[in-house]
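A short write-up of the structure that comes next.
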Amino acid sequence: MAQDLFLYETLCEQLAVRIRRGGFAPGERLPSVRALSKAFGVSINTTVQSLRKLELDGYIEVRERSGAYVRECLPANESTGVVSHFPLLPVEVSLSEDILRYMEPHTLEQTLHLGIALPDASLMPVDRLMRLWRDSSRRQPQVLWDYSHPNGLPRLTKQLSQRSIGYPSAIQEQDILVTNGCMEAMELALRAVSRPGDVVAVESPTYYGTLLALGVLNRRVLEVSTHHRDGICLYTLEQAFRRGQVKACIVSCNGQNPLGYVMSAERKQRLVELAVRYQVPLIENDIWGDTAYAGDALPAKAFDQQGMVIYCTSFSKTLMPGLRLGWVAGGRFHDRLRELKQISSITTAAAPQLVMARFLESGAYAQHLLRLRGQLQQQALDALALVRQSFPPGTWVQPPEGGCVLWVRLPERRDSRDLFQQALNDGIHIFPGSVFSVGPRHFDFLRVNVGSPLTPLVREKLLRLGELATALR
Numbered sequence: 001m002a003q004d005l006f007l008y009e010t011l012c013e014q015l016a017v018r019i020r021r022g023g024f025a026p027g028e029r030l031p032s033v034r035a036l037s038k039a040f041g042v043s044i045n046t047t048v049q050s051l052r053k054l055e056l057d058g059y060i061e062v063r064e065r066s067g068a069y070v071r072e073c074l075p076a077n078e079s080t081g082v083v084s085h086f087p088l089l090p091v092e093v094s095l096s097e098d099i100l101r102y103m104e105p106h107t108l109e110q111t112l113h114l115g116i117a118l119p120d121a122s123l124m125p126v127d128r129l130m131r132l133w134r135d136s137s138r139r140q141p142q143v144l145w146d147y148s149h150p151n152g153l154p155r156l157t158k159q160l161s162q163r164s165i166g167y168p169s170a171i172q173e174q175d176i177l178v179t180n181g182c183m184e185a186m187e188l189a190l191r192a193v194s195r196p197g198d199v200v201a202v203e204s205p206t207y208y209g210t211l212l213a214l215g216v217l218n219r220r221v222l223e224v225s226t227h228h229r230d231g232i233c234l235y236t237l238e239q240a241f242r243r244g245q246v247k248a249c250i251v252s253c254n255g256q257n258p259l260g261y262v263m264s265a266e267r268k269q270r271l272v273e274l275a276v277r278y279q280v281p282l283i284e285n286d287i288w289g290d291t292a293y294a295g296d297a298l299p300a301k302a303f304d305q306q307g308m309v310i311y312c313t314s315f316s317k318t319l320m321p322g323l324r325l326g327w328v329a330g331g332r333f334h335d336r337l338r339e340l341k342q343i344s345s346i347t348t349a350a351a352p353q354l355v356m357a358r359f360l361e362s363g364a365y366a367q368h369l370l371r372l373r374g375q376l377q378q379q380a381l382d383a384l385a386l387v388r389q390s391f392p393p394g395t396w397v398q399p400p401e402g403g404c405v406l407w408v409r410l411p412e413r414r415d416s417r418d419l420f421q422q423a424l425n426d427g428i429h430i431f432p433g434s435v436f437s438v439g440p441r442h443f444d445f446l447r448v449n450v451g452s453p454l455t456p457l458v459r460e461k462l463l464r465l466g467e468l469a470t471a472l473r
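In UniProt numbering, the protein residues as written are 1 to 473.
Listed below in structure tokens is the structure:
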């Protein structure tokens, strides 16, 4: 009911009703933000939030430097399930079986892997890394044989710390804990700041691995609507913080999976300010941060002067997933993270740490990232054009700003779970959007990996995927 919604949602519903009743015709341009603000007696910020929600709900299309236009194909009258109306009741997570079922085809040969988000190995300096591995084994066998320092090899943590020198609030070497990939960092962070039964706020949609971890650890989830350009709704998040509904919040500010946005520095700073004001730990998953197409994108951690942000990342997406090398900067929670690390995996293997330290010292990683960003951006644009060409009219997809996935919405409430099976029968692996939320949301979305160059085979399969989506009813 309207009285249960916040002001911007009430305005959004009023505009949606007017559009559905023909007050604004398909293709018609809406009045300007200033005009709408004056007409409804609300602030500019409230109006902007309402338009963002209308866009997420599928009613309008916002065109840069032009305005907001009513979409030709409107969503059904019932809730589209794209945006979570707040306040929401925290819910249990039970997605493990679905997620595992959708992941399994990644191991099938003779299948085009558009499901798992991962840049192609051809984009990575694999040979150089293997040479470093062999050379390290020969020159420093004792280092590779022994336990490493509980925090990680000092040679590596020094390099990781130096990468943050330009941050407003740099990450100190002693604040770093090397982990077995980003997921271990996330798990340690969750265990450090929450207990079974606690509520954790997440983006909607969010990475399914985050939901899987929350389910395994018996945490409940509060989903917060997230915009494909601006990121998590800070207004809604603040209401949850203010009411004491959550013990922690998990966000991804750069190249978010699956939306692909890069949050502005101003919004990152505001996000950290909210965490500090309400004393809610912020767990930042920045695994795609180094792939931001426009260059180095600061994480929210860069603005963290009070130690409320637990920064988690790894080199799995930018270099080599087989290294299983990640790290966490825990701020005021560092000591607890280290305790949890010691009773789980004790320490992280020395070999990948030494290889990565040498790779960073040489400057090769920085050079590699420059090439990788350009390649991923071009691949995303090429695949985007093909999706727009081959998928059914009314399909919604926007260019990402980082990472290597497209978040595609099918028109007329087509169910991507049906498309998953049909595509798999044709040798194409995709990920349905339903597993990026704990509720029934996003069933008409799919995530497509564009980490591989657009070879003739990839082009052929994407065109076929569009045909299957068009025939889907």
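Glycine residues also receive a C-beta, built at the ideal position from the N, C-alpha and C atoms.
For Gly215, collect the residues of the same chain with a Cβ closer than 8 Å to its Cβ; drop the 5 residues on either side in sequence, then sort them by chain order.
Spatial neighbours of Gly215 in its own chain (CB-CB distance under 8 Å, excluding positions within 5 residues in sequence) are listed in chain order as Glu92, Val93, Ser94, Leu95, Ser96.
So the beta strand (DSSP E) Leu177 belongs to, where does it begin and stop?
176-179
Figure out for me which residue from Arg29, Met130, Lys38 has the closest Cα to the Cα of Glu64.
Arg29
Can you name the residues that DSSP bridges to Ala201?
For Ala201, which the question treats as bridged, DSSP gives the partners Leu222, Cys249.
Using the three-state DSSP reduction, which class does Asn257 fall into: helix, strand or coil?
In the structure shown, the three-state DSSP call for Asn257 is coil.
Mapping the DSSP letters down to three states, classify Cys312 as helix, strand or coil.
strand
Between which residues of its own chain and Pro205 is the CB-CB distance below 8 Å, once the five residues before and five after are set aside?
Thr226, Pro258, Leu259, Trp407, Gly433, Phe436, Ser437, Arg441, His442, Phe445
Residue environment, Trp327, which counts as buried when at least 16 other CB atoms sit within 10 Å:
buried
Throw me the rounded Cβ distance for the Leu112 and Ile428 pair, which I believe falls under 8 Å.
5 Å
What's the gap between the Cα of Lys38 and the Cα of Ile44?
9 Å
Pick helix, strand or coil for Arg459, following the three-state DSSP scheme.
helix
Would you say the stretch 240-247 touches the stretch 379-391, given that touching needs at least three Cβ pairs under 8 Å?
As far as the Cβ criterion goes, the stretch 240-247 does not touch the stretch 379-391, which means the pair count is below three.
Rounded C-alpha distance that separates Val272 from Tyr365
28 Å
Report the rounded CA-to-CA distance for residue 479 versus Leu369, giving the unit in angstroms.
Residue 479 lies beyond the residue range present for the chain, which begins at 1 and ends at 473; the question has no answer from this structure.
Along the chain, where does the alpha helix (DSSP H) that runs through Gly209 open and close?
208-216
Counting C-beta neighbours from all protein chains within 10 Å, is the total for Ala192 16 or more, i.e. buried, or is it exposed?
buried
Going by DSSP in three states, Gly363 sits in which element: helix, strand or coil?
coil
Exposed or buried, Ile196, counting other C-beta atoms within 10 Å across all chains shown (16 or more means buried)?
Sequence inspection shows Pro at residue 196; the Ile mentioned does not correspond to that position. Per the 10 Å Cβ criterion, exposed.
If I measure Cβ to Cβ from Ile171 and keep anything under 6 Å in the same chain, skipping five residues before and after, which residues do I get?
Ser161, Ser164, Ala329
If you follow the alpha helix (DSSP H) that Ala329 is part of, which residue opens it and which one closes it?
Per DSSP, Ala329 belongs to no alpha helix (DSSP H); it is in the beta strand (DSSP E), 326-329.
Neighbour-count burial assignment, Ala121, 16 or more Cβ in a 10 Å radius
Result: exposed.
On the DSSP letters alone, give me the boundaries of the alpha helix (DSSP H) that Asn425 sits inside.
Per DSSP, Asn425 belongs to the alpha helix (DSSP H) from 416-425.
Taking the C-alpha atoms as reference points, what is the distance between Pro141 and Ala350?
10 Å
Determine the contact status of Val309 and Leu282, defining contact as a CB-CB distance below 8 Å.
Val309 is a Cβ neighbour of Leu282, given a cutoff of 8 Å.
The beta strand (DSSP E) that contains Ile60, what's its start and end?
60-63
7 Å CB neighbourhood of Cys182 in its chain, flanking five on each side removed:
Asn285, Ile287, Cys312, Thr313, Ser314, Ser316, Gly326
Where do the N-terminal and C-terminal ends of the alpha helix (DSSP H) with Tyr102 fall, by residue?
96-103
For the candidate residues Lys301, Val224, Gln422, whose alpha-carbon lies nearest to that of Cys253?
Minimum Cα distance to Cys253 is reached at Lys301.
Roughly how many whole angstroms lie between the Cα atoms of Gln378 and Arg277?
Straight-line Cα distance between these residues: approximately 40 Å.
Could you tell me which residues DSSP pairs with Ile283 in its beta bridges?
Ile250, Ile310
What whole-angstrom Cβ distance do Pro119 and Leu372 have, given they're in contact under 8 Å?
7 Å
If you scan the UniProt domain "HTH gntR-type" (5-73) from start to end, which runs of the beta strand (DSSP E) of 3 or more residues do you find wholly inside it?
Here the runs fully enclosed are 60-63, 67-70.
Limits of the beta strand (DSSP E) - the one that Val405 falls within:
405-409
With a threshold of 16 other CB atoms inside 10 Å of the CB of Pro168, please say whether the residue is buried or exposed.
exposed
Taking 8 Å as the cut-off, decide whether the C-beta atoms of Asn180 and Arg336 are in contact.
no
Backbone CA spacing between Leu454 and Arg134 [nearest angstrom]
33 Å
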